[in-house]
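Only one structure is covered here, and it is reproduced in the block below.
Protein chains in written order, with our numbering: chain W, 11 to 317; chain E, 11 to 317.
Written out as structure tokens, the structure is:
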């Protein structure tokens, strides 16, 4: 029996939030529409953060009112606190995500709260979302390595996951925020999450900073993970630039999993179109590790000479 | 206990044979010396093929006479037939490799023999090598997909492996010659090889055409493989060019395996130097999927500004 892979497309939020080029509402909608047309079944559309802190996300309320295919696509939004949750509720968001960084320093740098304070804030937000009838998932970020504190112990990440699940989180997203994880760590940490919470409640979020993302995806698949955050074209940092830390590309994960016999319901030609839309927005070439091969397939189909 | 990974560096043969730029003897020796200095413990140095068919390898005899660190490094050479074996013997080669393509058409296109004829030729060559006191390993090429016949059945590959092992091959190298394998196929086929022949007699040879090579490496590691063919900088085809089909890069496999807790005995700074030597030979930038990250590490060390 073909097993289904659940792809949560995060370019509109994690991708766009990471880049400096301002993207207007029409641009974000064009990107989301292109991903929707390719058959993506879940999209992280935006974050309800302070417009002063993150101007790129200032139009989150307007955006949510104009999303396509809301009956078919599972949309989510990131909320950093109860104020963000209220805005998300007003925008009729049905699924929110809280973000808990695994280290003290990262939470302080990210939102000015200690780890203990962030845990409390996440629990409060999950409880409030529950009362509003919203699904709440929890990201555990820098789950393998923190840029300030270095290697993160799996035991402390699991403790945070336990607390989020106990608080009522519908799902845990283990995030390798800086792309430092290797497949052995993925096997150990995410494998344990799957054992504790079941595959339905575990998702993996990889960045391709070191070129290990697809190895990490395979490692996660092997311990039972069937849900992945991915970003069209790897948006969120150019893989060819020094210091790049792009998300794992949607097309890479779709190609890998489909070729391994899984189904995603996503159309590769549609993804190519979405990459072109994203490239138009950011003004530079995008594409994951499968880019060269996809280009060859395109040329073969159109009868162009292979150089 | 740290487990050792055995890296067989193939840039001097598989890499250089695939490129059009003529590389002279001094260039080949510079490349091999740089790889030796980085701590590589095995090198496929050349192939004893017809100089008319492959002018790039015409100086194989001279090359073998000038190889560095012959007491420490395990050198091998590819031989297509008994004539090649005689030349290898005259050059005092201690380990040869025969190449058996898994499909009829590929053998016909490669050396003008049918599959049955190639099997017989490989068996004769292995037997003759044994009599000369040489180790003989056997490549089974296009082991996952053939550019002419498409998908290759694992059962027929295993049958070929059995025959090579029965003939006395010291080792089987499962080669994804066109870079079409996915990690599930690797698990199934190479996992079965490890079961049948033991990890000491199985090696994996990947190309990174689709961007799956490191996922395939992790998949192979998980079924017990500890021996890999790799090519410095991914030499053998540029990963950024349409139609590229470069070997998996030595630095990618070294970084992945070392970060997963294995040891290779290879020095990354030495590999960076070897990449520069290879770039000087071919005249264009090289580097695997870890390139962007390695560049960042370099800049951090030298105090340069990250762009």
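Glycine residues also receive a C-beta, built at the ideal position from the N, C-alpha and C atoms.
Here's the rule: buried if 16 or more other CB atoms are within 10 angstroms of the residue's CB, otherwise exposed. What is residue 31 of chain E? Burial call: exposed.
Among residues of its own chain, excluding the 5 on either side of residue 250 of chain E, which ones have a beta-carbon nearer than 7 Å to its beta-carbon? Because residue 250 of chain E carries a pLDDT of 43, less than 50, the predicted location of this residue cannot be relied on, and no value is offered for it.
Taking residue 323 of chain E as the query, report the chain W residues whose CB atoms sit under 7 Å from its CB, ordered along the chain. Lying before the first or after the last residue shown, residue 323 of chain E is absent from chain E, which here runs from 11 to 317.
Rounded to whole angstroms, what's the CA-CA distance from residue 69 of chain W to residue 245 of chain W? Just pull it up for me. Near 19 Å, if we compare the C-alpha coordinates of residue 245 of chain W and residue 69 of chain W.
Measuring CB to CB, does residue 303 of chain W end up less than 7 Å from residue 229 of chain E? No, they are not a contact pair.
Round the Cβ separation of residue 52 of chain W and residue 19 of chain W to the nearest angstrom and send it over; I've been treating them as touching at under 8 Å. Sure, about 7 Å apart at Cβ, within 8 Å.
For residue 262 of chain W, go through chain E and note every residue whose CB falls closer than 8 Å to its CB, in chain order. Contact annotation for residue 262 of chain W against chain E: 221 [CB-CB distance below 8 Å, chain order].
Are the beta-carbon atoms of residue 159 of chain E and residue 113 of chain E separated by less than 7 Å? The beta carbons of residue 159 of chain E and residue 113 of chain E sit closer together than 7 Å.
Where the beta strand (DSSP E) containing residue 185 of chain E begins and where it ends: Its beta strand (DSSP E) spans residues 181-186.
I need the straight-line Cα distance from residue 13 of chain W to residue 233 of chain W, nearest angstrom please. Whole-angstrom Cα-Cα distance: 14 Å.
Can you give me the Cβ contacts of residue 307 of chain E inside the same chain, cut-off strictly under 6 Å, excluding the 5 residues immediately before and after it? Same-chain partners within the cutoff: there are none.
For residue 111 of chain W, list the residues DSSP reports as bridge partners. Its beta-bridge partners are W/151.
Option nearest residue 260 of chain E by Cα separation, candidates E/305, E/88, E/301 and E/235: Ranking the options by Cα distance to residue 260 of chain E, first place goes to E/301.
Would you mind listing the beta strand (DSSP E) stretches within the stretch 153-233 of chain E that are 3+ residues and don't spill past its ends, in chain order? Taking only runs of at least 3 residues, the beta strand (DSSP E) segments lying wholly in the stretch 153-233 of chain E are 181-186 and 212-216.
Alpha carbon to alpha carbon, how far is residue 39 of chain W from residue 282 of chain W? If you take the alpha carbons of residue 39 of chain W and residue 282 of chain W, they lie about 17 Å apart.
Taking only beta-carbon atoms, is residue 36 of chain W less than 7 Å away from chain E? So no, residue 36 of chain W is outside the interface.
In terms of DSSP beta bridges, what is residue 291 of chain E paired with? BP columns for residue 291 of chain E are empty, so no partner.
Applying a beta-carbon distance threshold of less than 9 Å, which residues of chain E neighbour residue 298 of chain W? Residues of chain E passing the Cβ test: 221.
Compare the C-beta of residue 161 of chain W against all C-beta atoms of chain E and say whether one is closer than 7 Å. The beta-carbon of residue 161 of chain W is placed no less than 7 Å from the nearest beta-carbon of chain E.
Name the residue from E/161, E/187, E/130 and E/54 whose alpha carbon lies nearest to the alpha carbon of residue 174 of chain E. The shortest Cα separation from residue 174 of chain E among E/161, E/187, E/130 and E/54 belongs to E/130.
Assign residue 16 of chain E to one of three DSSP states: helix, strand, or coil. If DSSP states are grouped into helix, strand and coil, residue 16 of chain E belongs with the strands.
Counting contacts by CB-CB distance shorter than 7 Å, is residue 224 of chain E in contact with chain W? It does; some Cβ of chain W falls within 7 Å.
Output yes or no for whether 7 Å exceeds the beta carbon distance between residue 21 of chain E and residue 213 of chain E. For residue 21 of chain E and residue 213 of chain E, no; Cβs fall outside 7 Å.
Applying a beta-carbon distance threshold of less than 9 Å, which residues of chain W neighbour residue 96 of chain E? For the C-beta of residue 96 of chain E, not a single chain W residue is nearer than 9 Å; the gap to the nearest is close to 38 Å.
Mind pulling the beta strand (DSSP E) runs of 3 or more residues that sit fully within the stretch 50-77 of chain W? Fully enclosed beta strand (DSSP E) runs of 3 or longer: 52-57.
Inspect the beta-carbon positions of residue 152 of chain W and residue 128 of chain W and report whether they are closer than 7 Å. It is not a contact, given that the beta carbons lie outside the stated cut-off.
Could you compute how far the alpha carbon of residue 275 of chain W sits from the alpha carbon of residue 24 of chain W? Looking at the two C-alpha atoms, the distance is approximately 22 Å.
Between W/163, W/202, W/220 and W/164, which lies nearest to residue 190 of chain W when the distance is taken from Cα to Cα? Nearest option by C-alpha distance: W/220.
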